[in-house]
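Chains as they are written, first to last, in my numbering: chain A, 22 to 375; chain B, 22 to 375.
Just so it is clear, CB atoms sit at the ideal spot from N, CA and C, and this is done for glycine as well.
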């Protein structure tokens, strides 16, 4: 779960509302439990009342330049999977947090916690993955750190990436900028990353040609901002907790409703099949190469065209709209007339996904 | 080990000189093995020929402002120890890397990898330690991330901190700025942190009143820069690998020699006693609240007075000087006339020290 204290104003410690006696996997899953941990423990102690717990990056104004700052730890298991690896994920994840903060990624720092005894070839493969992903994303790795822990710890390695970007001065994305009537744009098919990891672990018996969608979304965001910067009101990359959790955060923070058109949301057959087998909702599955944007209705067509014009953005679609009612709620309407409430992720059906 | 690619120019992969077949604890200890890993694997792939592997922070020029960027992962065992804890260390460690890069710390990002099942009280204690240390250091925690891994991993928690600071425009610290005759200033007694951790683990039978020196060194650096900014040629915080490793890096990078006056280096009795018992050199033991500065001879007196004027800097001393010869070497001269070569740390006598 991302924690961002744009403006800190520390609340008294008596306001700690987090009462769970111990930390469970779900507290790291990006859903409801993560939000309770951040809002009930981290925010009162570190950030205070004005904290925006799910923002993807913090901003820092410096001599007139707005910087975006973000950091994420990666603990994905296995280290390598179809379509990517922990190193590639660590670069793209941080690049994407900057991108959806309307920031051009400038520099990354990468730190490793490595398990004693892993083959040098394993580490080298991830350093190469980082170098390649950084090159593709047009961002420089300017520094880092390495720690080694004893055998049996860290599952090979954990990677933490911090990133700095320059915020596009034409934009002021925030939940508070979202208005009823705004259109919800999604960049492509959902669930590929989460289900790929699940299959790579061999936890379920399912043969499928599926790859993680890990990639930089910045080229798509850049094209979108060039076409409609002032009309882009909110962006988010739906990683842990999926599209459902990201849009529930938006609904909650904006106090508005989001109504999705179920058929407009692209889900590959393999993802849909695995979800049905496991009783999961594709809207809860993590993505690592998609983003959501909320745009003013007048700009929606241009925004969609801009994203679709970028290689990899061809499947972008308008998947729903923001409404006055039902406030703080996400609904999905099916073509045949049914409507269901789409909740945040609860629990952690797919641990260690990123 | 800190990796910093001030100017990247990726070398061909064929230049990988790191031949160790697997990663060992020593590769994370900050000494010779760490340097080989960084120079032989990370640098050719990520940074290239001009990488300064042991610099404490990278710099980024942005619209005329020079930013310092740094990140460190903390895996110290135990989580709490006399004088501090992992959370406090994570803040001060990153603040100090910025400080010795002549940068005023502005913002921190903190990420956690938490072991499933730890008591919330354990996490809360570290979040409080982070909040308190950040307040004392005058820096804001603007964001972060939380991941949870299964029981048996991560020893409670690992903490990674990234920091951004603004570089003092009056300074250009670099090994290349150091000249023969320059004086070496040390802020206080050495080895407190490393030996405190060792004792806290109960690995040796020794009763001693010793506390980690973890603290922000920025107030001392600020006072030093106010008094002698242009005459400060190099700074470093001697953490993993200790004063010996930091000064060997300087000797190597500047191609000059460093001659220390053994008696001028303050070492508490408890630290000296533990080192004698274990056959360790206090110059190799990690510090978390000290810094080294190399200053022009004419400014040495003012520099020393400036550091000593700050609470906690009273024990600062000039501990040696830079000489033309013996090039790339650190010597320690004792009052009775003996002189010994002080090498970099080899191996990892005290693992998981930070």
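For residue 256 of chain B, no Cβ of chain A is located within less than 8 Å of the residue's own Cβ. Using beta-carbon distances, residue 260 of chain B does not count as an interface residue toward chain A, since no partner is under 8 Å. For residue 196 of chain B, same chain residues with a beta-carbon under 7 Å away, outside a window of 5 residues either side, are 255, 271, 274, 275 in chain order. Taking 8 Å as the cut-off, the beta carbon of residue 351 of chain A is found no closer than this to the beta carbon of residue 277 of chain A. By the beta-carbon neighbour count (other beta carbons within 10 angstroms, threshold 16), residue 315 of chain A is buried. For residue 311 of chain A, the closest of A:203, A:118, A:46 by C-alpha to C-alpha distance is A:118. Beta-carbon to beta-carbon, residue 132 of chain B and residue 181 of chain A are separated by about 5 Å, close enough to satisfy the 8 Å threshold. Within the same chain, Cβ atoms closer than 7 Å to the Cβ of residue 112 of chain A are found at 129, 151, 154, 155, 158, 182, the five residues on either side in sequence being excluded.
Rounded to whole angstroms, the gap between the alpha carbons of residue 241 of chain B and residue 331 of chain B is 6 Å.
Of B:251, B:257, B:361, B:223, the smallest CA-CA separation from residue 238 of chain B is found for B:257. Within chain A, 174, 175, 176 have C-beta atoms less than 7 Å from the C-beta of residue 174 of chain B, given in sequence order. In the structure shown, residue 365 of chain B falls within a coil segment according to DSSP collapsed to helix, strand and coil. If the five residues before and after residue 321 of chain A are omitted, its C-beta is found closer than 8 Å to the C-beta atoms of 204, 206, 339, all from its own chain and listed in chain order. Counting along the chain, the unbroken beta strand (DSSP E) around residue 178 of chain B starts and ends at 178–188. The residues 365, 367, in chain order, have a CB closer than 6 Å to that of residue 53 of chain A in the same chain once the five nearest residues on each side in sequence are set aside. Around residue 357 of chain A, no beta-carbon contact reaches into chain B at under 7 Å, the shortest distance being about 39 Å. For residue 110 of chain B and residue 360 of chain A, the gap between their C-alpha atoms comes out near 51 Å. In the DSSP assignment, residue 233 of chain A falls outside any beta strand (DSSP E), carrying neither H nor E.
Straight-line spacing of the CA atoms in residue 292 of chain B and residue 218 of chain B works out to 11 Å. Only residues of its own chain outside the window of five on either side were considered, and among them 130 have a CB closer than 7 Å to the CB of residue 164 of chain B, listed in chain order. With 16 or more other CB atoms across the displayed protein chains lying within 10 angstroms of its CB, residue 179 of chain B is buried. With 16 or more other CB atoms across the displayed protein chains lying within 10 angstroms of its CB, residue 77 of chain B is buried.
Put simply, the CB of residue 102 of chain A is far from chain B, with every gap to its CB atoms at 8 Å or more.
Here the segment 212–227 of chain B makes contact with the segment 285–299 of chain B; the two share three or more CB pairs at distances below 8 Å. By DSSP's assignment, residue 135 of chain B forms a beta bridge with B:169, B:178.
From the listed residues B:177, B:142, B:326, B:126, the smallest Cα separation to residue 134 of chain B is found for B:177.
Residues of chain A with a Cβ closer than 8 Å to the Cβ of residue 137 of chain B are, in chain order, 44, 45, 46. DSSP places residue 208 of chain B in the coil class of the three-state scheme, outside both helix and strand. Taking 8 Å as the threshold, the shortest C-beta distance from residue 281 of chain B to chain A does not fall below it.
Not a single C-beta of chain B is nearer than 8 Å to the C-beta of residue 245 of chain A. Chain A has no Cβ within less than 8 Å of the Cβ of residue 306 of chain B. Residue 278 of chain A is bridged by DSSP to A:344. In the structure shown, residue 55 of chain B falls within a helical segment according to DSSP collapsed to helix, strand and coil. A residue is called buried once 16 or more other Cβ atoms fall within 10 Å of its Cβ, and residue 201 of chain B, having fewer, is exposed. When beta bridges are read from the DSSP output, residue 126 of chain A appears opposite A:186. In chain order, 108 place their CB closer than 8 Å to the CB of residue 148 of chain B, counting only its own chain and leaving out the 5 sequence neighbours on each side.
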